[in-house]
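Residue numbers (this note's numbering): 127 to 206. We treat Cβ as the ideally placed atom computed from N, Cα and C, and that holds for glycine. Everything below concerns the one structure shown next.
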């Protein structure tokens with residue numbers, strides 16, 4: 127019982143991290159695969175979640191309108 131609760135909490139934390147910083151998650155997974163610490167098919171679900179959040183962030187960035195505008199250049203006073 128305690129083990130399953132612990133595993134659920136770890137999984138929830140990993141998913142939250144994939145949402146908050148998907149590039150970090152993908153980088154860590156790539157390093158673990160390259161070093162041989164995990165198999166190629168391990169953490170695929172987490173990799174997919176990270177990809178999804180990267181795509182969402184990119185779509186939001188493309189849709190976003192600038193919420194500020196640069197002020198008009200100040201007119202120089204007394205300059206001819």
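Asked: As assigned by DSSP and simplified to three states, the class of residue 177; Found: helix
Asked: Option nearest residue 175 by Cα separation, candidates 160, 142 and 136; Found: 142
Asked: Burial state of residue 131 (16 or more Cβ within 10 Å); Found: exposed
Asked: Residue 153 - containing alpha helix (DSSP H), residue span; Found: 148-161
Asked: Proximity winner among 129, 139, 152 and 137, relative to residue 178 (alpha-carbon distances); Found: 152
Asked: Spatial distance of residue 165 from residue 139 (CA atoms); Found: 21 Å
Asked: Alpha carbon of residue 162 to alpha carbon of residue 169, nearest angstrom; Found: 13 Å
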